[in-house]
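In terms of full-length UniProt numbering, the sequence shown opens at residue 1 and continues consecutively. Presented below is the structure to which this report refers.
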Amino acid sequence: MASPQGSLEFGGPLGAAALMLVLPATMFHLLLVARSGPARLLGPPPYLPGPEALWSPRALQLVLAWLGLQAALYLLPARKVAEGQELKNKSRLRYPINGFQALVVTTLLVGLGVSAGLPLDALPEMLLPLAFAATLTAFVFSLLLYLKALVAPASALAPGGNSGNPIYDFFLGRELNPRISSFDFKYFCELRPGLMAWVLINLALLLKEAELRGSPSLAMWLVNGFQLLYVADALWHEEAVLTTMDITHDGFGFMLAFGDLAWVPFTYSLQAQFLLYHPQPLGLPMASVICLINAIGYYVFRGANSQKNTFRKNPSDPRVADLETIPTATGRQLLVSGWWGMVRHPNYLGDLIMALAWSLPCGVSHLLPYFYLLYFTALLVHREARDEQQCLQKYGLAWREYCKRVPYRILPYVY
Ligand SMILES: NC(=O)C1=CN([C@@H]2O[C@H](COP(=O)(O)OP(=O)(O)OC[C@H]3O[C@@H](n4cnc5c(N)ncnc54)[C@H](OP(=O)(O)O)[C@@H]3O)[C@@H](O)[C@H]2O)C=CC1
Ligand SMILES: CC(C)=CCC[C@@H](C)[C@H]1CC=C2C3=C(CC[C@@]21C)[C@@]1(C)CC[C@H](O)C(C)(C)[C@@H]1CC3
């Protein structure tokens, strides 16, 4: 999004081009290092994979079949259809709420497959070609989205990804809500194929550890359980994604397409990948402390997200009606008590606490399992700054009043 001064984000076209190379390269580096003995995050990869290690027609078939399955489940009758936030032309798009249903059906299909002999524990050996196939798919998909946006009306374009520079716009995404008929590509990709692939890879790594060591370690159980809770929660509260930045503001381009389809499943499963190749002892007392940390993070994350989403859907809802607010010139109000009176992004704080809980089962002998926490902190600090800019533009003096009354961004009394 061009900031008020008209400057571009992410370092402009040069930054976008660099990120389109660095992000996939980082993902492959992590995949290689996680399975190496030293598992040094900052060291060189153990080897540079050749084309034969990356390219596999079978892997591409599996990626496309997975996308096809999730798309078919997306098109099934939904228990509910929700309306998105009001668009510039005052209309509202409709979204099927059937993500959790898709997770249940996918789980049943995978369970049936494994009981019929599906070699899910062979998946860990295919992570490199699968990641390559997912990255290739994301690039091609982003190109199709870019071409589609060239014929989209101006009202359909996102505020940010229309600088006129093809590289920048390809990265950030031109169209806000790219659809064919009622199929919303951004909404579909945000919550379905990547998140579910993430926990499927985790499960495959757990099964592989059971095969290698007789049973999964407690650390592997914790990482699988925490991240399955996170994904199941996202799909159970699918409607809440309709009030997030990705849906309401950002165009759908390479950043989100690669993020959803490749970065999430292959880098967010890093802790489980690390544990398969580097078993970590974990006692019950420490496991209990880590579970408590994750529970606290989830409580803050869910409480804050649900409070804001409830408020945005209906400020008169009894659950939020008593909260203190700041009126804005747009007619919308800003919460200034409850979770959103503690810091300006309490949901980020909860998410970061959970990110810590996901890394702790991997011990403290390696930095690699903490990559997610480090990356995620950088992502949310940057995202918070972007959101501040957007909210300052949207709300002006009301936002300045909010910042005065709620001075901290993410961590109380610190940042
Ligand atoms: N696991 C991962 O990789 C990632 C997870 N996330 C998580 O996604 C969740 C959503 O985050 P994100 O998408 O950044 O957006 P948010 O859910 O934080 O929404 C930001 C928007 O909320 C509204 N808002 C902000 N402050 C207030 C207030 N005081 N009162 C009312 N409305 C307010 C504004 O929109 P408006 O006023 O227009 O409604 C603002 O633009 C977070 O929990 C985050 O941790 C995010 C990125 C990556
Ligand atoms: C470095 C890189 C490729 C950045 C792309 C960022 C994306 C990976 C993330 C941007 C916002 C996201 C959200 C989630 C997953 C990661 C991405 C796509 C999310 C779906 C995770 C589950 C949560 O419950 C959520 C629904 C709130 C969340 C929405 C934002």
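Note that the Cβ used here is the ideal one computed from N, Cα and C, for glycine as well.
Take residue i as the anchor and find which of the options has the nearest alpha-carbon.
{"i": "L335", "options": "I353, A357, L352 and R312", "result": "R312"}
{"i": "R94", "options": "E401, F371 and R179", "result": "R179"}
{"i": "H29", "options": "K394, L368, V414 and A210", "result": "L368"}
{"i": "F376", "options": "M286, L75, G350 and L67", "result": "G350"}
{"i": "L67", "options": "G331, D121 and L261", "result": "L261"}
{"i": "L195", "options": "A234, L392 and S215", "result": "A234"}
{"i": "W236", "options": "V104, A65 and Y402", "result": "V104"}
{"i": "S182", "options": "R332, Q307, L75 and M20", "result": "L75"}
{"i": "Q307", "options": "E384, L41 and T243", "result": "T243"}
{"i": "L48", "options": "L42, L41, V33 and A59", "result": "V33"}
{"i": "L228", "options": "E211, K208 and P265", "result": "P265"}
{"i": "P8", "options": "Q389, A82, E238 and L87", "result": "One detail in the question is off: residue 8 reads as Leu in this sequence, not Pro. Among Q389, A82, E238 and L87, the Cα nearest to that of L8 is on Q389."}
{"i": "K80", "options": "A59, A25 and E238", "result": "E238"}
{"i": "S142", "options": "S359, M20, L284 and A385", "result": "M20"}
Going by other Cβ atoms of all chains shown within 10 Å of its Cβ, with 16 needed for buried, is residue i buried or exposed?
{"i": "P361", "result": "buried"}
{"i": "P57", "result": "exposed"}
{"i": "A133", "result": "buried"}
{"i": "N89", "result": "exposed"}
{"i": "Y299", "result": "exposed"}
{"i": "R192", "result": "buried"}
{"i": "G113", "result": "exposed"}
{"i": "V364", "result": "exposed"}
{"i": "V406", "result": "buried"}
{"i": "Q61", "result": "exposed"}
{"i": "R344", "result": "buried"}
{"i": "R319", "result": "exposed"}
{"i": "G297", "result": "buried"}
{"i": "E324", "result": "exposed"}
{"i": "G396", "result": "exposed"}
{"i": "E211", "result": "exposed"}
{"i": "S288", "result": "exposed"}
{"i": "A59", "result": "buried"}
{"i": "P4", "result": "Note on P4: pLDDT 41, under 50, position unreliable in the model; the coordinate value appears next. Classification for P4: exposed."}
{"i": "L222", "result": "buried"}
{"i": "L73", "result": "buried"}
{"i": "S115", "result": "exposed"}
{"i": "A385", "result": "exposed"}
{"i": "A156", "result": "buried"}
Using 8 Å for Cβ pairs, my map puts residue i next to residue j. What's the rounded Cβ distance?
{"i": "L352", "j": "L374", "result": "The Cβ separation is near 11 Å, so there is no contact."}
{"i": "L206", "j": "N224", "result": "5 Å"}
{"i": "N309", "j": "A240", "result": "4 Å"}
{"i": "G253", "j": "F170", "result": "6 Å"}
{"i": "L172", "j": "M255", "result": "6 Å"}
{"i": "T168", "j": "A16", "result": "One detail in the question is off: residue 168 reads as Tyr in this sequence, not Thr. With 8 Å as the limit, Y168 and A16 qualify as a contact, their Cβ atoms being about 5 Å apart."}
{"i": "Y402", "j": "Y408", "result": "Contact doesn't hold; Cβ gap of about 12 Å is too wide."}
Under 8 Å, do residue i and residue j count as touching if we go by C-beta distance?
{"i": "H382", "j": "F274", "result": "no"}
{"i": "M220", "j": "A272", "result": "yes"}
{"i": "L31", "j": "L127", "result": "yes"}
{"i": "A158", "j": "D250", "result": "yes"}
{"i": "P124", "j": "L54", "result": "no"}
{"i": "L292", "j": "S217", "result": "no"}
{"i": "I247", "j": "Y348", "result": "no"}
{"i": "A78", "j": "P51", "result": "no"}
{"i": "R174", "j": "A154", "result": "no"}
{"i": "K394", "j": "T330", "result": "yes"}
{"i": "A204", "j": "D317", "result": "no"}
{"i": "A102", "j": "Q70", "result": "yes"}
{"i": "L84", "j": "R92", "result": "The identity of residue 84 in the sequence shown is Gly, whereas the question assumes Leu. In contact: G84 and R92 (Cβ atoms closer than 8 Å)."}
{"i": "P327", "j": "A257", "result": "no"}
{"i": "P119", "j": "R213", "result": "no"}
{"i": "M27", "j": "A197", "result": "no"}
{"i": "R268", "j": "Y413", "result": "A small correction: the amino acid at residue 268 is Tyr; Arg does not occupy that position in the sequence shown. Contact: no."}
{"i": "W263", "j": "L23", "result": "yes"}
{"i": "L276", "j": "E209", "result": "yes"}
{"i": "A355", "j": "I290", "result": "no"}
{"i": "P346", "j": "Q333", "result": "no"}
So that I know if they touch, is there some Cβ in chain C lying closer than 8 Å to that of residue i?
{"i": "E209", "result": "Here chain C cannot be found, since the structure has a single protein chain."}
Please determine whether the Cβ atom of residue i lies at a distance below 7 Å from any heavy atom of ligand 3.
{"i": "D387", "result": "With respect to ligand 3, the structure shown offers nothing to examine, as its ligands consist of ligand 1 and ligand 2."}
Check: Taking one C-beta from the region 100-114 and one from the region 133-142 each time, how about it: are there three or more such pairs within less than 8 Å?
Finding: A contact between stretches requires three or more CB pairs, one per stretch, nearer than 8 Å, and the region 100-114 fails this requirement with the region 133-142.
Item checked: Three CB pairs or more closer than 8 Å across the region 327-346 and the region 293-309 -> Counting Cβ pairs under 8 Å, three or more are found: they touch.
Notebook entry, point to check: Counting Cβ pairs, one atom from each stretch, are 3 or more of them under 8 Å apart for the region 30-43 and the region 184-191?
Noted result: Put simply, the region 30-43 does not touch the region 184-191. Fewer than three CB pairs are less than 8 Å apart.
Notebook entry, point to check: Are at least three pairs of beta-carbons, each pair with one atom in the region 11-19 and one in the region 157-173, less than 8 Å apart?
Noted result: Cβ pair count under 8 Å is three or more, so yes.
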